[in-house]
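Each residue of the sequence shown is one higher than the one before, counting from 756 in our numbering.
Backbone N, C-alpha and C fix where the C-beta goes; we use that ideal spot for every residue, glycine too.
Small disclaimer: the values here were computed from a predicted structure and weren't measured.
Taking it in order: structure first as structure tokens, then the write-up.
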Amino acid sequence: MPVNSDSQSFQGVIDEIPYISVDYFLYVQSSLALFLSHCHADHMKGLDSHELYQTVKTKPGLFIYCSAITKKILSDWPIYCKLSPYLKVLELNQTVKIDLPSDDCSDGHPSKISFCVTSIPSGHCPGSVMFLYEGIFGTVLYTGDFRIAKGDSKKFQAFMSNPSRPEYGLKTIDHIYLDCTFCTDAARTFPSRQTSVEKTIALVNSWIAKSPEHKVLFTLAGRGFGAEFLFVEVYRKLNVQVHTSDFKHKIYSNLPDIKNAISRQPTTSIHACSEGRASSKTHSSPCFKDSNKVLTIRLSTQWHLMDGKNVDSRVVVDEGGIQRVLFSMHSSLEEIQDMAQTLKPRKVTPIAKPDPVTTETIAQLLDCKVKMPTSRFRSRHDD
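The structure is reproduced here in structure tokens:
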């Protein structure tokens, strides 16, 4: 189930706040503030470019706003570490007023632009957040990628009109820029993340209990992040650390919630150090000599949605010796619908969606007005 063709992809434009860019760092020379929701490649386009570095270096007051964990990750990542002085942390669940000087007083722009932003945990990967923007333009939510269980959206204080008086209800959300990655009937329900973790831990435990030579290899997509919650739970339940690549170990070692769960020692029984492609049938690791004693576990979602598989009943599937675990970092259709029904936005813009799914279908599934993302080249700010 491919997601987003280039012509449909989100290019960082928030219609209500055209002088910022979110999760898109190409052609942002005229932007006054930049925001990064998390460290996945499809949300970091242009972040490693020389043009961006020169822009933030030479433009006073221009920062990239992100979570504390995202800043730590980027600061330890060689191709991004030079951006560290220009990364400004937004503490979780704290509303911050941002004042931006504007050189452009034409077209009604004031000499100073102000708005408030609150970063909210999105449950996608380490450091991932949503951004709630509030100002004269209204109230706008950018979810980034998210995985929030049904019923949990209403619990976030940032969405409450008055957190000390819950009976006052929720804020009016004018526009949600929404992760619709699995806005399709094929992905109506997923097992909870905790269910996937428990099934995986049971699988791991039964295998490594056979002998000290029996090993487990988790296969992950490239250098992406997202399985760290599993590593932490494996360590907590089994007291076994997970061997990771040197690249990830350097990053994880500076993240307090994760560092104890990972190891540089290849002698541990559980590994996530493979450099093989996530789509390949075979993964190699220099840590193993006897492949017959290695259990490969592949964490995925897309595979489970192929060919009409029943995702409700098959959390773990044996595919020719590879154990495929349904482990989703994105919300299911029902979870997406729950957020939309809870927050009742006036309109929604999908920042990601399955290619075959039309705007009309999303509008029907979410029961609200839907518009496609504005192209950066058509936005009022860059005209």
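Residue span of the beta strand (DSSP E) that contains residue i, given as start and end
{"i": "Gln1078", "result": "Ile1077 to Leu1081"}
{"i": "Val851", "result": "Thr850 to Pro856"}
{"i": "Thr1104", "result": "Lys1102 to Ala1107"}
{"i": "Ala1027", "result": "Ile1025 to Ala1027"}
{"i": "Lys843", "result": "Leu842 to Val844"}
{"i": "His998", "result": "Val997 to Thr999"}
{"i": "Glu775", "result": "At residue 775 the sequence reads Ile, which differs from the Glu that was named. Element bounds for Ile775: Ile775 to Val777."}
{"i": "Leu972", "result": "Lys970 to Thr974"}
{"i": "Tyr897", "result": "Gly893 to Tyr897"}
{"i": "His930", "result": "His930 to Asp934"}
Where the alpha helix (DSSP H) through residue i begins and ends
{"i": "Phe986", "result": "Glu983 to Leu993"}
{"i": "Leu789", "result": "Taken as a continuous stretch (DSSP letters only), Leu789 belongs to no alpha helix (DSSP H), being part of the beta strand (DSSP E) at Ala788 to Phe790."}
{"i": "Thr879", "result": "According to the sequence provided, residue 879 is His. The question's Thr does not apply to it. Run containing His879: none; DSSP gives neither H nor E here."}
{"i": "Arg1131", "result": "It is not in any alpha helix (DSSP H) - Arg1131 carries neither H nor E in the DSSP assignment."}
From the options, residue whose alpha carbon lies closest to that of residue i
{"i": "Pro1011", "options": "Thr850, Thr1056, Gly882 and Gln949", "result": "Gly882"}
{"i": "Arg1140", "options": "Lys843, Lys910 and Val952", "result": "Because the chain in this structure spans residues 756 to 1138, residue 1140 falls outside the shown range and cannot be described."}
{"i": "Ser785", "options": "His1026, Ile772 and Glu846", "result": "Ile772"}
{"i": "Ile1077", "options": "Ser792, Ile1117 and Leu972", "result": "Leu972"}
{"i": "Ser1083", "options": "His1026, Lys812 and Phe984", "result": "Phe984"}
{"i": "Phe1043", "options": "Ala1027, Pro876, Thr1056 and Asn848", "result": "Ala1027"}
{"i": "Lys1003", "options": "Cys794, Gln766 and Val768", "result": "Cys794"}
{"i": "Asp1001", "options": "Val989, Pro840 and Pro1021", "result": "Pro1021"}
{"i": "Ala1095", "options": "Ala1118, Ile1013, Gln809 and Ile834", "result": "Ala1118"}
{"i": "Gln849", "options": "Pro876, Thr939 and Gly1075", "result": "Pro876"}
{"i": "Tyr1007", "options": "Pro967, Asp831 and Leu1098", "result": "Asp831"}
{"i": "Val895", "options": "Ala1107, Pro1128 and Pro1100", "result": "Pro1100"}
{"i": "Tyr1052", "options": "Ser1046, His1059 and Asp1073", "result": "It is worth fixing the name first, because residue 1052 is Ile in this sequence and not Tyr. Of Ser1046, His1059 and Asp1073, the residue nearest in Cα terms is Asp1073."}
{"i": "Lys992", "options": "Leu1081, Lys1005, Ala1016 and Asn1009", "result": "Ala1016"}
{"i": "Ala957", "options": "Val1070, Lys852, Trp1058 and Phe765", "result": "Val1070"}
{"i": "Gln1057", "options": "Cys938, Thr1113, Ser1018 and Thr810", "result": "Cys938"}
C-alpha distance - residue i paired with residue j, whole-angstrom precision
{"i": "Lys837", "j": "Gly924", "result": "43 Å"}
{"i": "Tyr782", "j": "Leu829", "result": "21 Å"}
{"i": "Ile705", "j": "Ala913", "result": "In the structure as shown, the chain starts at 756 and stops at 1138, and residue 705 therefore has no counterpart that could be examined."}
{"i": "Glu922", "j": "Glu889", "result": "21 Å"}
{"i": "Tyr774", "j": "Leu1050", "result": "50 Å"}
{"i": "Thr1116", "j": "Asn960", "result": "43 Å"}
{"i": "Ser1130", "j": "Ile1025", "result": "44 Å"}
{"i": "Leu817", "j": "Ser1055", "result": "37 Å"}
{"i": "Ile819", "j": "Tyr841", "result": "6 Å"}
{"i": "Leu1121", "j": "Phe945", "result": "18 Å"}
{"i": "Tyr932", "j": "Lys965", "result": "48 Å"}
{"i": "Lys1124", "j": "Phe870", "result": "25 Å"}
{"i": "Ile891", "j": "Ile868", "result": "10 Å"}
{"i": "Phe911", "j": "Pro1111", "result": "32 Å"}
{"i": "Pro833", "j": "Lys1005", "result": "11 Å"}
{"i": "Ala941", "j": "Leu1060", "result": "6 Å"}
Cβ-Cβ separation, residue j to residue i (assumed contact under 8 Å), whole Å
{"i": "Val995", "j": "Thr1023", "result": "6 Å"}
{"i": "Ser776", "j": "Leu789", "result": "5 Å"}
{"i": "Val844", "j": "Cys880", "result": "No, Val844 and Cys880 are not in contact; Cβ-Cβ is about 17 Å, not under 8 Å."}
{"i": "Leu787", "j": "Leu855", "result": "4 Å"}
{"i": "Arg943", "j": "Leu1088", "result": "5 Å"}
{"i": "His969", "j": "Lys1048", "result": "5 Å"}
beta-carbon residue i near the ligand NAD non-hydrogen atom, thresh 7 Å
{"i": "Val811", "result": "Summarising the ligand content, the structure contains no ligands, and the ligand NAD is consequently not present."}
- Task: Take every Cβ of the stretch 785 to 798, pair it with every Cβ of the stretch 894 to 911, and state whether three or more of those distances are shorter than 8 Å.
- Result: yes
- Does the count of Cβ pairs from the stretch 904 to 924 and the stretch 968 to 987 closer than 8 Å reach three? no
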